[in-house]
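Novice: Once you've had a glance at the structure underneath, I'll fire off some questions.
In our numbering, the protein residues as written are 1 to 168.
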């Protein structure tokens, strides 16, 4: 089971999720698009610093995913992953909740293998013998690119089961 939109949670919530086998999914770009408004006008600085607690979840042994909830945010997994790593707000690049940042590998896993696992699609998420050949052709390798540049990576095509499903 998973909890969608695990946006505002206390550390104890994530410990309890781990104890009962729940997995959180975060609308990560709340931090990017609305972090400043949430911090300054809606929930205050202390609660906003804990918005989308990806690091807390991972530290508690949880597998997480990042989503866009289109059309709340544009479908842009690498922007969500970048936000999980940098936690920068759109208007000025100020960091919201630096203690909740995660490393690049964790963020990329959250939009690939762990996202597939969360929806019981373990037959995809990585390219391995015996799995479906679902992949996208990117302009750069996110694993070898600075996370600050992930949002600039473009895609030329998507393949599902090895067949072209979309091309630019």
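Think of the CB as a built atom: it goes at the ideal place given N, C-alpha and C, for glycine as much as any other residue. Here the structure is a predicted model, which is why all the values come from computation and not from measurement.
1) Starting from the C-beta of residue 61, find all residues in its chain whose C-beta is less than 7 angstroms away, skip the five residues before and the five after it, and write them out in chain order.
2) Contact between the region 4–24 and the region 74–85: three or more CB pairs below 8 angstroms?
3) Taking the Cβ atom as the reference point for each residue, do residue 81 and residue 108 lie within a distance shorter than 8 angstroms?
4) Would you list the residues sitting across from residue 83 in a DSSP beta bridge?
5) Exposed or buried, residue 32, counting other C-beta atoms within 10 Å across all chains shown (16 or more means buried)?
6) In the DSSP assignment, what are the bridge partners of residue 14?
7) According to DSSP, is residue 75 part of a helix, a strand, or is it coil?
8) Looking at C-alpha atoms only, which residue of 110, 91, 70 is the closest neighbour of residue 84?
9) Using three-state DSSP, classify residue 43 as helix, strand or coil.
10) Going by alpha carbons, who is nearest to residue 121 out of 54, 106, 161, 36?
Specialist: Per the coordinate set shown:
1) 18
2) no
3) yes
4) Paired residues: none, contrary to the question.
5) buried
6) According to DSSP, which records beta bridges pairwise, residue 14 is partnered with nothing at all.
7) coil
8) 110
9) coil
10) 161
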